[in-house]
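Just below is one structure, and these are the notes that go with it.
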Amino acid sequence: MNAGWDLVAYHFSPPGLLLGSVLFALSLTPSLLPRTELVQGVLSGCSFAVGYGIGNFAHWSWGFLGLRVPPGRITRLLGFVVALACLVLLGIALGNANPWQNSVRAVMGMAPVATSQPLLIAAVALPIALLLMLAGKLLVTLIRLVWQKLPPAMPPRAALLLSALLVGAVMALLVNGVVLRGALRLADRFYERLDAVVSDSGDAPARPSQTGSDASLIPWNTIGRDARLYVQTGPDAAAITAMTGKPAIEPLRSYVGLRSAPTVEARARLALAELERIGAFDRSVLVLVMPVGTGWVDRAAIDTLEYLHGGDVATVAVQYSYLTSWLSLLVEPDYGSETAQALFQTVYEHWTQLPKTQRPRLYLHGLSLGALASQASAPLYDVLGDPFQGALWVGPPFSSGIWRWATTNRQPGSPAWLPRFGNDTAIRFLNQSGTTAWPDTPWGPMRTVFLQYASDPIVFFDPAADWQRPDWLAAPRGPDVSPALNWYPVVTFLQLALDMALAQTSPIGYGHVYAPRDYIDAWVAVTQPPGWTGAELEALKRKIPADEYLP
């Protein structure tokens, strides 16, 4: 038995195994979104490997510093205790995986999971953990090889530190300069081809006012699948009347794709020319929309706006990327800022030249990465002389400048997941609870609303969660956050990072999937559509089929 333990201890670090088991167990606790067994296995495998790496490094550092090690018999006894503790800890955690996940599902109105399939979680986690541990072992071997090549005259510890720094620097350069950029190029080409796929309703629109029609300045074959759906699937005047019972006109939607013009400035000018062609500046409301990374525009946002204003709306969207939002957010968070600025400046310059009594009210809108880009449209001091009317930013990513500033400087006592800012006249925050908690304070000339759910990881991911508890975990918690969610160093960071990649897998009205009823509250607050009573708005919320807007 001693020989067997010695063999295990030679290949594996007991402190690494113990800390890896602890992180594995903690990874099974709830986060913002529910997880399948497959997803949980991936998370748990990564968590075990990270914990093992930290524990192994601490174990190695103990010996490197020349600290005392207990005698062999005591070490073996401690090893057996560690092994037993690991097995007990893993068993308890896997046994609790089901109720932990059901605590998340309960706050989202989802049916509970009958069984957690702990064997499936373990079967997925094991190979992932082993692969990551092997990668770490290869990295250590490489450091040792470099160490051996350094001049013998160097002090051993200094030589080891230098070799670790050299290998770390080279690996960072390779990952950032070769692997990451290569992966991004591949992803960009993939999403570019995906963007060009013709949808089932691929024929160009017949109405002259629509993008891609024979009369349009934007060729149909220069906008992608998501843009075509956005242009073609909105409600017409008859559909708006059928939904609201009120008279309506045909809403105007235009879209400029990445292939529609060669440069950002050219696409912005093309957007303005198309708006002028279709008579967008004769409407009551004009909205500049920044789509998500792939070019997708949430129909729930635009449909509800058109219902509320009886079609007396014009919207324009300009594509700036092919990459999906969470990928763009991690590697190129400022991807759309240049496009947002060019579009705003081009349209705003024309808008300010129109008589104030004969021009539409101008608004900004964006979801997810589009909200991040839209917030960079213009510095506030550039528009104070002739301000636009407001903005609706939905699911703003955690790195959003205006959102982060307003949240950080919120009124004392207001929660981070639903802050109150300043005197409530310029910026307000909204979730699925509606506007009932808002003060009676009148709005100022510019109305900005952030629509966000407390369970949205795109909004509430925090890089600092690796080492500090996020503010949004303080009591009281958001209505859609599990009461069993707790903060654990390293683990919570990994959980939130995975949640962010899966943000649109939640039911509608939770996570990063925003419901039409909540868009209605937000648009009413921002754009003040005339002729609606509270009862009529509630009836409209009930009538819109929310499930049709699932991404």
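In this text, residue positions in the sequence shown follow this note's numbering: the first is 581, and each later residue adds one. Note that beta-carbon positions come from the ideal geometry of N, C-alpha and C, so glycine has one too. Predicted model only: the values in this text are computed from it and were never measured.
Where does serine 683 sit, in a helix, a strand or coil, going by DSSP?
helix
Quick one: what's got a C-beta closer than 6 Å to tyrosine 1094's C-beta in the same chain, skipping five residues either side?
Val974
Check whether the segment 593 to 609 touches the segment 1047 to 1060, counting contact only when three or more Cβ pairs, one atom from each stretch, lie closer than 8 Å.
no
Taking only three categories from DSSP, how would you classify alanine 752?
helix
With DSSP as the reference, label arginine 1049 as helix, strand or coil.
Three-state DSSP puts arginine 1049 in coil, outside helix and strand.
Going residue by residue through the segment 914 to 986, where are the continuous alpha helix (DSSP H) segments of at least 4 residues, counting only ones entirely within it?
Qualifying alpha helix (DSSP H) stretches, in chain order: 917 to 932 and 949 to 954.
With respect to the beta strand (DSSP E) encompassing arginine 833, which residues constitute its N-terminal and C-terminal limits?
832 to 836
Where in the segment 1004 to 1030 do unbroken runs of the alpha helix (DSSP H), each at least 4 residues long, occur, reported from the N-terminal end onward?
none
May I ask you to list the residues that DSSP assigns as paired with valine 865?
Val893 and Arg941
Within 10 Å of its beta-carbon, does alanine 822 have 16 or more other beta-carbons around it, so buried, or fewer, so exposed?
That one is exposed.
Under three-state DSSP, which class holds phenylalanine 1001?
Note: phenylalanine 1001 maps to strand in three-state DSSP.
Going straight from the alpha carbon of glutamine 970 to that of threonine 721, what length do you get?
Residue 970 is actually glycine in this sequence, not glutamine. When rounded, the distance between both Cα atoms is 57 Å.
With H, G and I counted as helix, E and B as strand and the rest as coil, what does DSSP make of methionine 688?
coil
How would you write the range of the alpha helix (DSSP H) that leucine 700 sits in, first residue to last?
698 to 729
Could you give the DSSP three-state label for proline 1059: helix, strand or coil?
coil
Since alanine 953 and threonine 987 are thought to touch, with beta carbons under 8 Å apart, how far apart are those beta carbons, to the nearest angstrom?
Rounded, the Cβ-Cβ distance is 19 Å, inconsistent with contact.
Can you list the beta strand (DSSP E) stretches of 3 or more residues lying completely in the segment 782 to 843, in chain order?
832 to 836
Given this structure, state the Cα-to-Cα distance separating isoleucine 882 from glycine 814, to the nearest angstrom.
Their backbone Cα atoms lie some 8 Å apart in a straight line.
Using beta-carbon positions only, say whether phenylalanine 861 and leucine 934 come within less than 9 Å of one another.
yes
What are the boundary residues of the alpha helix (DSSP H) that leucine 525 is part of?
Because residue 525 is not part of the residues shown, which for the chain are 581 to 1131, the question remains open.
Keeping to the same chain, check which residues put their C-beta closer than 7 Å to that of serine 793; ignore five residues upstream and five downstream.
Ala784, Pro785, Ala786 and Arg787
By Cβ distance below 6 Å, which residues in the same chain neighbour alanine 1077 in space, the five residues on each side in sequence not counted?
none
Confirm, please, whether the CB-CB distance from glycine 716 to asparagine 801 is below 9 Å.
no
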